[in-house]
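Below is one structure, written out as structure tokens; the observations come after it.
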């Protein structure tokens, strides 16, 4: 029987669906294993060959664990909300839901062709009301919770309301937006609206004034990773920094738990370090500075209060409220111009850019340690969200302060004995303190650090600040609260209505609040988000339903929120929903959650390190506090797949002609390299007729060939449509089969490394599968498999493979596994092995990599169940022991020939046999050997 991969793959894909091969349920008799891929966004372009890389890697592992006897959960769904579908809707008028469904159908068709073991019965889509019901539910829970710093967990907001009525907020240690103080009497005297405003200061989901990346053309706020070089990633529209009232999530409250949790999970050290740096824990002190000739004072956070004697200027973030307060009339025009320029830069760009810019505010602050009046500047290297948005600058010992001081001619005062700050700042981590205070000035305070070590000075200063009420010792985090509002249509609606300008939650029993229809997907003429076009978008608090806007009376009917949730809302707890996707009563049944617990293997890209992987960990920790998630960390082990880059091809057009010259002749002409569609190139040879038909301008193309062929140039670049190097997996599946595609993607290199797609090597993998098939069927379609017992050589070859592949899969070294398969099949082919005892085990071992051909051959071998339900073979070390050893025979260190000896042959017997061999006589040449060295199981060296 011929290896007809097209028929085989269609047959088994159909049977897997009919027999529900990959559907899984909880089974207490089996140990669970949960495999998950990062949520894909279904784009209009569909999949290219780079997309399935991680899916194939995780699928191999999922199949392997199932063969080991685990109950494997391997679900798939779609992160279906997103800006691309909305932009397409704006351009064409087609509803984003239609675009999204079409894209999903295309994705599903492509995924099915590759033969994944996904349990499609558990499919979820973030745009499905059945799914976002639980996103809205979680948001309501966050709104109705605060974070208790003492207990280090989320608690019901009702606890605060009761405490405020009895004690005010005295002694309260809760995460908040700003420090406020009030008594019980003051609380009880406040109106309903005033109480709601105070509670908003503590809620985990809260409305707050924050700086955002605002894109007017898109009419929405953008996340930092959606902005590149001051413009939107999608569309290239200008983006400015703007203060807006937005929904936020108090992610910062969980900063320490997010840090601590990294020690409990199996992620790469580099990714953990990225998150640690993003969270940015630092211990220091908050210190008060008074403004000269004013009643104003402001707070700065510093990790090095011991360097305050070296402060020669202060710097405010451009967004700081202090800017307006401290800018003098003389400086206002210059400050305003500077602020206008900085609006166009995101925080991420400001962190990365080392250029020096700034403007003097006109005001001075009094250094509480020296009494000196130091100038207050404004610069975008200071960020509003870190610390207090104001810094004390110590240019002698901070490189950015140093660059600023040098640029603007400000004083640089060293604080460490013997340090040289003439060319650069000095990293003051060790040394003896000086100039603290300077010896030539009258001390302003009774603190002197001179003569202390840096470490002693830090502790002494912290103690002094605390004892003299100059500030407080504090732990600070760089991690910001997450902005949770988007001015878009295509996203989860907030289950929120507004009464007297304050937000209230619709009843939990009324969820989900479904996205309404709108006439336009653009913002309204008055600047409201697209939901402002909805005519039926008001909440009737009596009948608990959505009604027409005209019924709003602000008594029982109120307006609903016009913003929608951001992209990460739906992807933050989806792993829990996969456990129990059809539950209408809860996000996940506690018993089911107790069985699956969390994800054992999560596969996705490193680009999500500071976005999704932070937000989902925060979201899960909140649900853990709520008693919903049984595990505090959602993803136990994380594997980051690399990127498959494009391998572009080029043709070379002779200037001012329509003639194209082959690669190795191009240097004889003046040419222009032009990208050509890689799908009309094979092994770098251009299909000339396909090229002429590719684009109208090439219809009359002429060619200068070499050896009758047109050889294309090539380069490794990002896979993109503009470079014509996108390879569609459908084409590979059609030409070579899904099993070949799966194995070839893994053969390209280690899973975690980026590598170029090169179709030139795919033939070798396809030939391997055909050779594997030929162990079962002859060229004349004769079935070759017999029940004869295996030979020692055959068992050795098989068990060597099993040992190698078992170890490789555990380490995700799939590329070396495939090399081992090729070696083993070659050995068995040369041994003319057709023993069922060998081939059965070989089929099971290869099944995770090439499931279609292995299902077919497993069936041919007489099995009535899927190969998925076989048992992973164990290797036997006895079969791996060598009976004989091949020794290299050397004379005076030069290898001359080889000899076989029994593995347990004694040294003296080996020596005697070497000397007796007639080939030795040529090299001994009648001389008496001085000595013979036998290196066990390797080499014999005869010294003459």
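In my numbering, the protein residues as written are 73 to 1016.
Yeah, the Cβ is synthetic: ideal placement off N, Cα and C, and Gly gets one too.
8 Å contact criterion, which residue i and residue j should meet: CB distance rounded
i	j	result
residue 811	residue 922	4 Å
residue 399	residue 433	5 Å
residue 712	residue 340	7 Å
residue 709	residue 338	4 Å
residue 555	residue 347	19 Å between Cβ atoms; not a contact.
residue 847	residue 911	6 Å
residue 469	residue 500	4 Å
Nearest candidate by alpha-carbon position, reference residue i, set the options
i	options	result
residue 805	73, 737 and 78	78
residue 239	249, 246, 630 and 259	259
residue 540	358, 586, 493 and 367	358
residue 368	345, 347 and 396	396
residue 102	117, 232, 144 and 618	144
residue 953	907, 872, 967 and 1015	872
residue 435	851, 318, 346 and 394	394
residue 376	605, 243 and 547	547
residue 868	829, 946 and 844	946
residue 573	621, 566, 563 and 633	633
residue 221	778, 328 and 843	328
residue 601	181, 286 and 619	286
residue 801	821, 830 and 786	830
residue 447	364, 507, 318 and 191	364
residue 776	304, 125, 765 and 736	736
residue 352	617, 998 and 324	324
residue 865	852, 204, 896 and 835	896
residue 570	778, 520, 292 and 269	269
residue 742	725, 475 and 749	725
Close beta carbons around residue i, own chain, < 8 Å, minus the five adjacent residues each side
i	result
residue 225	219 and 697
residue 759	752 and 753
residue 524	504, 505 and 532
residue 783	734, 735, 736, 756, 757 and 758
residue 996	963, 987, 1014 and 1016
Enclosing beta strand (DSSP E) for residue i [first to last residue]
i	result
residue 548	543–549
residue 350	Taken as a continuous stretch (DSSP letters only), residue 350 belongs to no beta strand (DSSP E), being part of the alpha helix (DSSP H) at 341–351.
residue 289	Here residue 289 belongs to no beta strand (DSSP E), and DSSP marks it neither H nor E.
Beta-carbon contacts of residue i that lie in its chain and below 6 Å, excluding the five residues immediately before and after
i	result
residue 183	none
residue 465	385, 387 and 473
residue 682	350
residue 147	191, 194 and 650
residue 859	908
residue 519	536
First through last residue of the alpha helix (DSSP H) which encompasses residue i
i	result
residue 124	124–139
residue 679	Element bounds for residue 679: n/a, residue is neither H nor E.
residue 202	201–215
residue 982	979–988
residue 443	Where residue 443 is concerned, there is no enclosing alpha helix (DSSP H), given that its DSSP letter is neither H nor E.
residue 414	404–414
residue 334	That residue, residue 334, is in no alpha helix (DSSP H); it is neither H nor E in DSSP.
residue 437	No alpha helix (DSSP H) contains residue 437, which is instead part of the beta strand (DSSP E) from 431–438.
For residue i, the residue or residues it bridges with in DSSP
i	result
residue 190	The partner list for residue 190 (beta bridge, DSSP) is empty, contrary to what the question assumes.
residue 723	746
residue 1017	Limits of the chain in this structure are 73 at one end and 1016 at the other, which puts residue 1017 out of reach.
residue 220	225 and 246
residue 575	570
residue 507	Beta-bridge pairing links residue 507 to no other residue.
residue 932	According to DSSP, which records beta bridges pairwise, residue 932 is partnered with nothing at all.
residue 319	279
residue 958	972
residue 963	966 and 1014
residue 858	907
residue 554	321
residue 389	In DSSP, residue 389 forms no bridge with anything.
residue 822	Beta-bridge pairing links residue 822 to no other residue.
Nonlocal neighbours in the same chain, by C-beta distance under 7 Å from residue i, ignoring five residues either side
i	result
residue 322	219, 247, 276, 278 and 553
residue 93	938 and 940
residue 250	273
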